[in-house]
Every structure is written in C-alpha cells, then in structure tokens.
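Just add 146 to the spot in the sequence shown (first one is 1) and you have the numbering used here. The beta carbon of each residue, even a glycine, is placed where N, CA and C say it ideally should be. It should be emphasised that the depicted structure is a prediction, and the values quoted were computed from it without experimental measurement. What follows is a short report on a single structure.
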Amino acid sequence: MAVVGVDFGALHSKIGVARHRGIDIIVNEVSNRATPSLVSFGPKQRSIGEAAKTLETSNFRNTIGGLIRLIGRTFQDPEIQEVEAKFHNVKMVDVDGSLGVEVQYLGERRVFTITQLVAMYLAKLRDTASNELKTGVTDIVITVPGWFTDIQRRAVLDAAQIAGLNCLRLINDTTAVALGYGITKSDLPEADNPRHVVFVDVGHSSTSCAVVAFSKGQLTVKSTAYDRHSGGRDIDFALVRHFAAEFKEKYKIDVLSSPKATFRLVAGCDKIKKVLSANAEAPLNVESIVNDVDAASRLNREEYEKLIVGVLDRIPGPLKQALADSGLTLEQIDAIELVGGGTRIPAVRAKIQSVFEGKTLMTTLNQDEAAARGATFACAMLSPVFRVRDFSMHDIAPYSVKVQWQRLPDDGDDDTELVVFPKGNNIPSTKVLTFYRKQPFDIEALYADPAALPGGINPWIAHFTAKSIGPDEKGDFTCVRVKTRLNQHGIVSFESAYVEEVEEKEEPMKVDGEEQMKKKKITRKKEVPFVWSSTSLDPSIVEKLKEQEAQMHAADKLVMDTEDRKNALEEYIYDTRGRLDERYVAYIQPQEKERLLAALQAAEDWLYSEEGEDATKSVYVERLDALKRLGDPITFRYREAEERSKVVSQLRETINTYMAQATSGEERYAHIDEKDKQAVVEKCATVQKWLEDQIARQSERPKDVDPVLMSADVMKKRDEIIYFSTPIMTKPKPKPPKVEQPAGTETPKSGTQTPNAQQQEEQQPQAAPEGTNEPSEMDVD
C-alpha cells in the first residue's frame, strides 16, 4: 500500500510519499518538486502539469489553472465573475448549476466541469507518484483550504473518485502544517501546560492563520481565520496594472488587451517580486511584449510596497481574528511559524510582525513543502503499512452548521431550527438530535451564517427525510433520534435514525434473603427508514465520469506513445546517417550503404510529408522496423568488434584461473581427486583451443561481413568452464575420522601431550550420589 499526501495548491502542488526512512517530496517528469496546477486541451491530447505550463501562453484559451479556487463554485457566483475571471482566459460556462469551462479539444468544442478538471489533475499526480514508487497508488490524503465549505469538500472527494483515488482524509492545509511541525517534536509539554504556536501561511491566492495548542501526543486547533484575496497573485496583479499603465504611456501599447502580452508581463512581475525580496531595486525586461516591442523598466522596494499596499493592509486581519478567537493573549503565544512563498516578502513579514510585536517570526519548517509533509504524515497514520508515533489531531469547523424544519400543527416542539455544530466545533464530531413527531418529517442542514461563506456559495448542505413515522401506541408523539456527523473530511452526513422502545420485564431478585419479582426496563433501538441527499455527485454519474476519464487517459497515453515512436524514427534516421561515415565506416559494404542511405532518405521524406506528420503508432513502428532490418547488421558488426576484445579477455582470465587451480600443488586442493583435476585441465584446454581457432578465423575476415566469433558464444564458453569447474575446485575437505577415547580417560582441554598418571588420577570424575539422575562429567558429550 502506497502512502501519499498531496498539497493541492492554486499555483502548483507537491506530492509527498512515505518511505521507511521518512517523508520525501518527490519530483515530476522534469525533476521539479512542484507540479503546476494547470490543465490544457489541444487538437490531439490533454496536457497536464508541466506540459500544460509550456502551453499556457500559446494555448491560453484552452488552458485552465487555479482549480482549487474554482471547484465547488457556480457560474453565477459573484466572486467568480468579479474576482476569478480576471485571472483566467478560458471561457467559463454553467453546467447544470455548477461551474464549467468550454474548450477546444480534439477538434471540437467540449464542456467540462471544474470537478472533472480537478480529477484530471489528480490523475496526473497519481501517475507521478506511481512512477516514483513503482506501484499503483489509490489511497491518498489531500490538503484543502480551511475555509472550504461542504460543497467544495464534496467536489474534491468526487474528483478523487473520478481519478480512481480513495481519499482517506481531506485535511485543512494549516492543520497539515501543524501536524508536520508537532509529530516530529520530542519535547512537547504535558496537556495541562500546552505550547501555543501560530501558523501564518501567505500563499499564492490567500492568507491563512491558525492558532494551535501542542502537548504530548496531540495537537488541538484553537482557532483559524482566512483572507481569500491577499496572496502572491494579488501582488502580481497590482504590479501588472502598474507596468501596463506605464507601458501604455511610454510605448503606446495596451498590454492588458492581449492575453499573451499579459502572460509575459505576469512572468516578469513574478521575477521582479522575487528579486525585490532580497534587493533594494530590480529591473524589468520583457522582450517582444506587443508588436515586437521590447519593454523595460525599473522598480525600487519603496515604490513596490506602495503599489501593493492594498494587499499588505489585508494581511493583519485574519491574524488578529485568529488570535482573538483563540482566547489567548499575545504573551501566551510561544512561537510564530511562517509558511508559504509570500512570507519571503519583507513587507509581508513586517505586516505580520506588527501583529505579533515582540515575538520572533520563525521559519523552522520548509515554507513550500510543510503542508505536503503533514498530509503524508496523516496518510501514514491511517495506513496499516507504517508505524507512526501516536499523535492525535483535533481540528475545528470554520463555520456554524444548523438544521431547520417546517413546523406542522401537530409537531411536538415550537422551534424551527437548531445550531448543531457551532463554529469551532471539533472535527470529527457526532450529535444526536431528538424530534417528537406523529408523521414523517424533513429537515435541512445548512450554514447558519451565509455571509461568512466565500463569495456567493450556497449555504445549503443536505436534506434529510424520516419515513414511516406515526403516533406511538398511546397516540402521543413518537420520539425520533437522528444521528448526524461532522466527519474527518469536514463534511456533514446523516448516519442513522431510530426510535427507542422501552420494555418492562420482571426478573427474580433476592431482597433480605427472600426472592421477589422486580421490574426491569430494557431499551431497544428500532431503526427508522430515511433518505438524505447532499451536493455529492450521484454514484452513477461518478462511474460515468470515471469511465470517461479512463478513456481520455488511455487516449493521451496512445498519443504520447505515438509521439515517442515518431521521435524514435526521426532519431534513428539522423543518428544512423551521421554514423555511416564515422564509427560504421569500416563495417558496411558499399552496396549496403547505398541501400540504407536510400531507405533513410525515403523515410525522412515520408516523415515530413502530410501523411507522415499524422500517422498512427503502428505505422511509425513498422517504418522503424524496416530501417532496422537494413541497419541492424551493420550496428551488430560494430558492436561485436567493440565487445570482442573485452569478452575474450574475460574468457582467457577464467581459463587461466581454473587451469592454475587444477595444476596447483597447494594444500587446499590436495583433497581433490587427481582424475577430477585432470578433467578441469582438459576442459580448459579444449575451450582455449576453440578460442584460438575462432580468433584465427575471425582475423581472416574483413570487418564489413558478419563475424564468426561472437561475444555471446565467448560468454557461453566461459559459463561452461565455470559451471563445470567450480563444483570440482570448491569441493570441501572431508571431515577427519572421530577418534574413540579409552574408557576412564578425559581429553586434555589444551595442548597435545597425554596427561600423566597423577594428572589422570586428579582428573578422575566422582560418581554421582546414589539416587540422583545427575550425569557424571564423562557422560556429557
């Protein structure tokens, strides 16, 4: 069972795997530890991750990123229309009430939901992990922003299922960071005096803060707070607007009207942002930004900080909120840990420091990989394969969840709603709700404070219907208990519904020595049938999308394999042609060279024709095989000539070794029968004669004809000698015969002299006392 944790980020993601030596953050196909969170669609295939990054500028209308910001949202969501749209160039559409994109794929317009796109991306991460671990990957833990709602979390779980993954847990990103921090600490205090640590994460698209209490063997999240619009991309966007205005005045060009030019400027602004984190001034140079105009500018840190002041001013908000919600004072905070790329910016650190005056900001964790490591630890804790230090996590809900219902005239209560899981409730958590009813009833779960949710996310969570409810035997209200759960993913579910039936039973009991009959109440649970629904995809839809994803994955693999065979054909043409007048020149006959050159030229002409540009995999394989039938004899002669001297030397060394052993007079071979030694000598002599004969024959042949002495035959002869001679020359010496000891004597413990009579008398063993079973010393072997 593979143990994999994924830090699913807005800009890129990291994959952690657990090995017996610890947690590793693995690299992708281009040896990067971070895989871009991008999916791109083309005329032949999908490109995901690094491949999509190379197409981000040229294929911008069919490339979508920032998936974590879009999943679980609707097209009508004002945050999508007003905020997210400015970061994307793909056409967004409504797909049955959820957000989707319209792209050009395989030569036609296709529509995919964001859940499908996330599934495609997770499948890419799955393949990356599988290639690294050399085994299939199914079980996984995925980080999500702590501000994710029920609908967003369910969408990520659906995406994981479509990708063929079993998500063991969705873990909040700041909680994952805290787990990675705490589980490795051996000096945590007792529970009555916990260590309080604030984790501040300024990422690509948001700022998160969590106050966590650590004690031996556990962590408890005391509070969390977030700002969804203060991250690295917001800083980049502020710079882009500044330079776009400057270039419009300076070069008379409108950068923002061209998506390609905007991409180039965004890349330049990201570089200047990083340079200004360590330098007082930085240049900006963007070649051919618009109409072959090379744009250039400079920016110093003071100007830079003025441009991003709007983003900087938002950062203290969640930090102060988290501290206030935790109920702790600043003096009770033991450490402030910074993670996320944005915390490298001096102005950002200054804003954080302004909230925690007098406290040292620490970066003991890997700022980019801490969440991935924590997610992998969480997966290892849930895996039977690894033994992980006992460590428990107590996370909390970011929003209050309530249930509500319509009051009917004969209901048993006057209320119409109840907050079941208040903000800050432990995760996971189970509650039992009690209803008094005379008929079937419905309840709905939803967020109690819709204004606190991201953008325009629907506060609705789930609908529950209890069936087959009627009055009790006396015609009164039936007491129905509904078990609801806020599970480890942070989503709400309804587990069961039941009625408690009480039966009185008489049992005999002794009171003051007399037996009396006593009534005892026995309570039994009678299950109540119910149905409930949520925003999760129907299992039939998941299976359909899973099959569709598998088909697209297979099609992508076929395209990649076809491209690989096409490249192999092209490489063979150029490599072989270049070597005919170099390394192969002595090993090819004129007529062979003429035929091979003609075939190579014909293959090249076909490869660059319209037919060869878009052929099938089997055609490329067939063309390559046809060339190899002409070229392999030449390469075979060359390789045999290169290998021959090495294998001949190995065979001669083996012959000399065994010949020397068989004719040696050394003591260690004295026990071997002379007849067997002679057999070894004869075997070596026979092979040596064969070798010399073959070398002589080979020396008479020109290099441009097939050899008579081949390396495989030489190695075969070497193996013959080894298999024949080794059992003979390594035959063990026979054991010396056992010498019978005369009765009444004892073998001296050391030395070679026989004890004298006096010593023998002194060493004579005493008989065992009568009536005992103790053996004498001579009885012991």
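Using 10 angstroms around the beta-carbon of Tyr766, count the other beta-carbons present and answer buried if the total reaches 16, otherwise exposed.
buried
Alpha-carbon to alpha-carbon, Lys672 and Pro596:
36 Å
Near Lys895, which residues of its chain fall below 6 Å by C-beta distance, leaving aside the five closest residues on each side in sequence?
Here Lys895 scores only 48 on pLDDT, less than 50, and its place in the model should not be relied on; the value that follows carries that caveat. Its chain contains no residue whose beta carbon lies nearer than 6 Å to that of Lys895 once the 5 sequence neighbours on both sides are disregarded.
Beta-carbon proximity check, Val163 vs Asp170, cutoff 7 Å:
yes
Is it right to say Asp153 is buried, meaning 16 or more other beta carbons lie within 10 angstroms of its own, or is it exposed?
buried
With DSSP run on the structure shown, which of helix, strand or coil describes Thr832?
helix
Taking its Cβ as the centre, do 16 or more other Cβ atoms sit within 10 Å of Gln899, making it buried, or is it exposed?
In this prediction, Gln899 scores a pLDDT of 46, lower than 50, which makes its location untrustworthy; the coordinate-derived value is nonetheless stated afterwards. So Gln899 ends up on the exposed side.
Leaving out five residues on either side along the sequence, give the residues of the same chain with a beta carbon under 7 Å from the beta carbon of Ala829.
For the sequence presented, residue 829 should be read as Lys rather than Ala. The answer, listed in chain order, is Ile867, Phe870 and Ser871.
For Phe640, which of helix, strand or coil comes out of DSSP?
strand
Does the segment 392 to 407 touch the segment 345 to 364, meaning 3 or more C-beta pairs lie closer than 8 Å?
The answer is no - the segment 392 to 407 does not touch the segment 345 to 364, with fewer than three Cβ pairs under 8 Å.
Given a cut-off of 7 Å, decide if Leu855 and Gln840 are closer than it, judged by their beta-carbon atoms.
yes
Which stretch, first to last residue, makes up the beta strand (DSSP E) that contains Val793?
Segment Lys763 to Ala808 is the alpha helix (DSSP H) holding Val793; no beta strand (DSSP E) there.
Can you say whether Lys576 is buried or exposed, counting buried as having 16 or more other CB atoms within 10 angstroms of its CB?
What sits at residue 576 in the sequence shown is Thr, not Lys. It counts as exposed.
Straight-line CA distance for Gln904 to Lys881?
Here Gln904 scores only 43 on pLDDT, less than 50, and its place in the model is too uncertain to base an answer on.
Collapsed DSSP secondary structure at Trp752 in the structure displayed
helix
Glu433 lies in the beta strand (DSSP E); which residues open and close that run?
Glu427 to Val436
What residues in its chain sit with their C-beta under 7 Å from that of Asn141, if we drop five residues either side in the sequence?
Absent from the structure is residue 141, since the part of the chain shown begins at 147 and ends at 927.
Would you kindly work out how many angstroms separate the C-alpha atoms of Ala526 and Thr220, rounded to a whole number?
35 Å
Excluding five sequence neighbours on each side, which residues of the same chain lie with their C-beta closer than 7 Å to the C-beta of Pro605?
These residues qualify, in order along the chain: Leu592, Tyr593, Pro596 and Leu599.
So is Leu430 buried or exposed if we call it buried at 16+ other beta carbons inside 10 Å?
buried
Count the CB pairs spanning the segment 446 to 464 and the segment 382 to 398 that are closer than 8 Å, and state whether there are at least three.
yes
On the DSSP letters alone, give me the boundaries of the beta strand (DSSP E) that Ile329 sits inside.
From DSSP, Ile329 is part of no beta strand (DSSP E); its letter is neither H nor E.
Proximity below 7 Å, CB of Ala468 to CB of Ala543:
no
Thinking just about the alpha-carbon of each residue, which of Ser764, Gly488, Asp778 and Cys355 is nearest to the one in Glu709?
Ser764
Alpha helix (DSSP H) containing Arg447: first to last residue?
Arg447 to Leu453
In chain order, each beta strand (DSSP E) run of at least 3 residues that lies wholly inside the segment 215 to 247
237 to 241
Indicate whether Ala413 and Leu422 have their beta-carbon atoms separated by less than 7 Å.
Contact: no.
Around the C-beta of Ala306, are 16 or more other C-beta atoms found within 10 angstroms, so that it is buried, or is it exposed?
Ala306 is buried by the Cβ-count criterion.
Where Ser183 falls, given that 16 or more other Cβ within 10 Å makes a residue buried
buried
With 16 as the cutoff for other CB atoms within 10 Å, does Arg215 come out buried or exposed?
buried
At what residues does the beta strand (DSSP E) containing Ile482 begin and finish?
Ala481 to Val485
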